Amino acid sequence: MVTINDIARQAGVAKSTVSRYLNNGSVSLATREKLDKIVKETGYTPNTFARSLKATKTNMIGVIIPRLNSASTNEVLSGIDQKARESEYDLIITNSNQDRERELGNIQTLINQKVEGIILLAREITESHRKLINDANIPFLVLGQKAEAIHSMAYSDYEAGYKIGQYAIELGHRDFLFFGVSEQDKAVGLERKNGFLESLKDTTDTTVKIIETSFSKKIAYQDAIDALPNSKASYVVCATDNIAIAVLKAAVELKYSVPEKFSISGFGGYEETDYVQPTITTMSYPYKEMGIQAVENLTKLVNGIDIPYETLLPNELIVKNSTIKR
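Numbering-wise (full-length UniProt numbering), the sequence shown opens with residue 1 and increments by one.
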């Protein structure tokens, strides 16, 4: 039996595009002609009851966030909220609290609410996620992670890690301590770290110690208290600005002078890095802009306009007072 997934694969378009075509929604002429041909060749017959359920326009977008205490999430949400209001969409926002089963439940809840599309600020995309997304038959947009065959928007995290490593090498640093997070979070836990490690490969006599910590400042602070006294690093790389703030606090508690004892940098570009002493060098990310673009992209999908499956946003190195030449 031919399914809507089969039609989408043959046509090389999103399942949501096929759904709009079947419901006489807005689809480009070229795509419509392609789908006309495939439907005729396969003899596909749509479920008319399911189509009738999809006909109601709710003007609602569902948003799933990974946790409440995240500066980057709040910035993305501010962009989503701004653009949603401009586009006359209402938002339903749910929190997964970094729990996979809760996240999957939130996806199903939003589907049941008949939202017109879902934006997921993701840590990872599992097969369970993929099944729910494929079966949902509505536009779906993943933020913060790359997701094969699912529309996604991510930051250039590998490039950001590479940039910070090159910057540290140019300052003359050779001994590094890297505070990362679980590789379950592909962008923050894996790509930033891998980009950083790659940047060191062409430089001899470098040493790196990697410590897996947490997004929690409290846990990162305690891990830094334990690790710093045993480290010879002249440069400490932190996978997020919150971790960098926690490491800086630990350095102060241990009476280490930053950046004289060691330099510190983070990722994110959070405002808080300007309100500590010394101010923290960081890779700045366009979080609010991602939220704005996310609603723009989701609106295009809702209206039958195809967009690239993957959108990458840039980052920028912001040098402050926590890093110096060695």
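From the three backbone atoms N, C-alpha and C, an ideal C-beta is built for every residue, glycine too.
Computed from a predicted model, the values in this text were never measured in an experiment.
Which value, in whole angstroms, describes the spacing of the CA atoms of residue i and residue j?
| i | j | result |
| --- | --- | --- |
| Leu77 | Asn95 | 12 Å |
| Glu296 | Asp306 | 12 Å |
| Glu253 | Tyr221 | 10 Å |
| Lys217 | Val258 | 18 Å |
| Pro278 | Arg102 | 39 Å |
| Ile6 | Thr17 | It should be noted that the sequence gives Asp, not Ile, for residue 6. Whole-angstrom Cα-Cα distance: 13 Å. |
| Asp274 | Ile243 | 15 Å |
| Thr311 | Ala239 | 22 Å |
| residue 382 | Ala154 | The displayed coordinates of the chain run from 1 to 326. Any statement about residue 382 would go beyond what the structure contains. |
| Leu313 | Thr42 | 39 Å |
| Gln145 | Gly195 | 15 Å |
| Ser214 | Ile125 | 20 Å |
| Thr204 | Asn134 | 48 Å |
| Leu200 | Gly105 | 42 Å |
| Ile271 | Leu317 | Looking at the sequence itself, residue 271 is Glu, so the reference to Ile does not match. Using only the alpha carbons, I get a separation of about 14 Å. |
| Glu33 | Val27 | 10 Å |
According to the Cβ coordinates, are residue i and residue j closer than 8 Å?
| i | j | result |
| --- | --- | --- |
| Gln98 | Arg67 | yes |
| Ile64 | Leu121 | yes |
| Gly79 | Ile264 | no |
| Gly269 | Tyr285 | yes |
| Ala246 | Leu177 | no |
| Phe179 | Asp223 | yes |
Count the other C-beta atoms from every protein chain shown that fall within 10 angstroms of the C-beta of residue i, then say buried if there are 16 or more, exposed otherwise.
| i | result |
| --- | --- |
| Lys15 | buried |
| Gly189 | buried |
| Glu116 | buried |
| Gly12 | exposed |
| Ala250 | buried |
| Thr207 | exposed |
| Lys325 | exposed |
| Ser152 | buried |
| Lys83 | buried |
Does the Cβ of residue i lie closer than 7 Å to at least one heavy atom of the ligand NAD?
| i | result |
| --- | --- |
| Asp185 | As far as ligands go, the structure on display features none, and thus does not contain the ligand NAD. |
Would you list the residues sitting across from residue i in a DSSP beta bridge?
| i | result |
| --- | --- |
| Asp90 | Met60 |
| Asp226 | Asp226 is not bridged to any residue. |
| Tyr235 | Phe176 and Ser263 |
| Val65 | Going by the sequence as given, residue 65 is Ile instead of Val. Partner(s): Asn95. |
**OP:** Quick one: which unbroken alpha helix (DSSP H) runs of 4-plus residues sit fully inside the segment 242-326? Chain order, please.
**Re:** 287-302
Original post:
In chain order, which continuous runs of the beta strand (DSSP E) of length 3 or greater are located wholly inside the segment 109-172?
Top reply: 117-121, 140-143 and 152-155
Original post:
Can you list the alpha helix (DSSP H) stretches of 4 or more residues lying completely in the segment 191-222, in chain order?
Top reply: 192-199
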